[in-house]
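Using full-length UniProt numbering, read the sequence shown as starting at 1 and increasing by one per residue.
Glycine is no exception: its CB is placed at the ideal position from the N, C-alpha and C atoms.
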Amino acid sequence: MTDGRRREGGRHAASLARPYAWTAGRTRPRVELAVEALVETTPEGRTAPYSPTDPLAAVTQLCLHQRSVAEVAAHLGVPLGVARVLVGDLLAAGQVSVRDTLTADASFDERNDLLERVLSGLRAL
1 MTDGRRREGG
11 RHAASLARPY
21 AWTAGRTRPR
31 VELAVEALVE
41 TTPEGRTAPY
51 SPTDPLAAVT
61 QLCLHQRSVA
71 EVAAHLGVPL
81 GVARVLVGDL
91 LAAGQVSVRD
101 TLTADASFDE
111 RNDLLERVLS
121 GLRAL
């Protein structure tokens, strides 16, 4: 067995399973969220009870200042799908607001510029 993940006794698989336990195995959010969409905690989210073991609370703390969905995933160390599900749940609960950064008629240059900014932000982590 040359696969390092197998030799490590399944630790890699376990580390990926944990975030999906946070979403009860869901991989799709309740609403479509672009990776560059900006997430910010609402006043309701700011007053919600905080628990250091609650991933939803971690997202509301991260988003006290606007962050993209991609940044939320990177900060939490979870796959993008998990971050989208968590943000979608918080959006449905009114604890975060989400603002799209581009309109449907955005130009190629606007889209390219946005992707560059997202990548730059992720590299800074």
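Per DSSP, L102 has no beta-bridge partner at all. Residue G81 holds the alpha-carbon nearest to the alpha-carbon of G25 among G81, Q66, R99 and L119.
The way I'd put it, the segment 101–115 doesn't touch the segment 46–55; fewer than three beta-carbon pairs between them come closer than 8 angstroms. Between the C-alpha atoms of V39 and V118 there is a straight-line separation of about 13 angstroms.
Looking at the DSSP output, R67 shares a beta bridge with V39. Measuring C-alpha to C-alpha distances from E116 to each of R84, S68 and L76 identifies S68 as the nearest. L90 sits close to L56, with the two beta carbons spaced by under 7 angstroms.
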